[in-house]
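S.K.: Taking the UniProt record's numbering, I'd label the letters of the sequence shown as residues 1 to 328. Positions of the beta carbon are idealized from the N, C-alpha and C atoms, including for glycine.
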Amino acid sequence: MFGLLRRRLLTPSLRSVSFAGRGFPVTPTPATERLESVPRAVICGFEWGIDAPSLWELERRLALVEPEQRGFAYEGATMACTVLDVMPGGRRDRTAELLTGPGAQHIFLAYIGIGFAMARLPRPLWKKVLPDLTGSPYHPTMSWLAVDGYGFDLAYFHTGRWVDGQEEPRPYPWLGREDYFPRAVDQGIGRALWFIHGGDPVAVADAVDRFAERRRPDLWSGVGLAATFAGGCDRTGLTTLRRRAGEHHAELALGTVFAAKARTYASFVPPHTRRAAAVLADLTVDAARELADGTAVAPDERGPQPAYEQWRERIRRHFTAGAVQAAA
């Protein structure tokens with residue numbers, strides 16, 4: 001009875017995360033229906049994470065999700081484990097166990113799930129949300145995706161405030177860098193814009209253009225990540241998206257590279273990811289993965305920016321250098 005009550009209190013309904021349920025300006029099509037299945041997969045993963053009596057059972061439930069959507073279900077499951085870990089009396093090790101097991105290959109999306117939990121937890125508890133994943137080549141560098149997930153959640157569930165009103169969050173010293181926190185939030189808001197507008201490239205680009213210029217680069221990188229990882233747009237639409245990105249093409253392509261890396265790391269690359277990599281970044285998925293791997297920041301590297309942003313800058317430089325050569 002307690003478990004049922006807890007699930008009812010914590011788990012959003014599938015309708016509440018649908019485009020119609022959120023009041024988003026999306027015309028239903030087969031493409032938007034496929035895109036809309038993403039938040040549904042997250043909710044299913046969250047519900048299983050709250051309910052499952054053991055990690056063994058949770059992992060087997062997640063294995064039933066089709067490969068294209070499984071990473072999103074792991075987002076939800078990680079969100080649930082994070083919430084349970086920080087609650088009074090929690091075990092505090094569910095998230096680490098999940099992400100050092102089969103969830104390891106979904107680490108990029110799992111960090112985003114931690115960000116979803118952050119959006120529902122008071123800030124004093126945030127210091128407890130990041131599990132110790134020592135041994136993972138992406139910890140803690142890619143944990144900035146948790147802040148990205150937090151930004152996505154703000155925009156998706158409180159669109160009037162964070163998208164229409166363009167409010168900016170109070171800084172928080174994530175990994176000791178409160179100055180970078182708002183930028184990582186904007187990357188998540190950019191991803192949310194892709195869903196809020198149902199993958200419509202014109203509407204998404206118009207939404208980005210309504211933000212202050214200083215925020216647009218990070219928003220565009222989020223758009224590129226969402227368009228490449230989640231899909232929802234045909235080749236013609238992707239071409240329009242690239243054209244509308246204009247001077248921010250390198251940011252759009254940067255998001256595409258990270259999405260391709262995440263898909264290959266999870267060992268499943270859908271056709272829409274291959275198509276987006278070709279159109280938005282002029283790369284095959286394998287070439288995008290090689291670019292990500294070849295520019296990765298070593299754990300002991302230091303610099304004026306967080307290691308995460310150093311990695312992003314190296315990838316960005318690849319595309320800005322290419323643009324200069326093309327112009328010459």
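Count the C-beta pairs between the segment 291–303 and the segment 160–177 that are closer than 8 Å, then say yes if the count reaches three, no if not.
M.R.: no
S.K.: What residue range is occupied by the uninterrupted alpha helix (DSSP H) comprising P124?
M.R.: Note, P124: premise wrong, no alpha helix (DSSP H); not H, not E.
S.K.: The alpha helix (DSSP H) spanning D153 covers which residue range?
M.R.: If you look at D153, you'll find it in the alpha helix (DSSP H) that goes W144 to F157.
S.K.: Are the segment 117–129 and the segment 279–297 in contact at 8 Å, needing three or more beta carbon pairs?
M.R.: no
S.K.: Distance, Cα to Cα, V223 vs E251?
M.R.: 9 Å
S.K.: Looking at the structure shown, is Q105 part of a helix, part of a strand, or coil, going by DSSP?
M.R.: helix
S.K.: With a CB to CB cut of under 8 Å and the five nearest residues on each side skipped, what residues in its chain are close to T11?
M.R.: I43, F46, E47 and I50
S.K.: When the Cβ atoms of the segment 28–40 are set against those of the segment 191–200, are three or more pairs found closer than 8 Å?
M.R.: Note that the segment 28–40 touches the segment 191–200; at least 3 beta-carbon pairs, one per stretch, sit closer than 8 Å.
S.K.: Please go through the same chain and pick out, in chain order, the residues whose beta-carbon is closer than 6 Å to the beta-carbon of A292, but skip the five residues on each side of it.
M.R.: Excluding five sequence positions before and after A292, the CB atoms of its chain that fall closer than 6 Å to its own CB belong to V257 and K261, given in chain order.
S.K.: Taking the alpha helix (DSSP H) that F211 belongs to, which residues open and close that run?
M.R.: Counting along the chain, F211 falls outside any alpha helix (DSSP H), and DSSP gives it neither H nor E.
S.K.: May I have the straight-line CA-CA distance separating P169 from V202, to the nearest angstrom?
M.R.: 27 Å
S.K.: Which residue from M118, R316 and W311 puts its Cα closest to that of T141?
M.R.: Scanning M118, R316 and W311 for the CA closest to the CA of T141 turns up W311.
S.K.: Can you list, in chain order, the residues of its chain whose CB lies under 8 Å from that of G237, leaving out five sequence neighbours each side?
M.R.: G199, D200 and P201
S.K.: For the alpha helix (DSSP H) that contains W56, what are its first and last residues?
M.R.: L55 to L62
S.K.: Please report how far the alpha carbon of E290 lies from the alpha carbon of R92, in whole angstroms.
M.R.: So the alpha carbons of these two residues sit roughly 36 Å apart.
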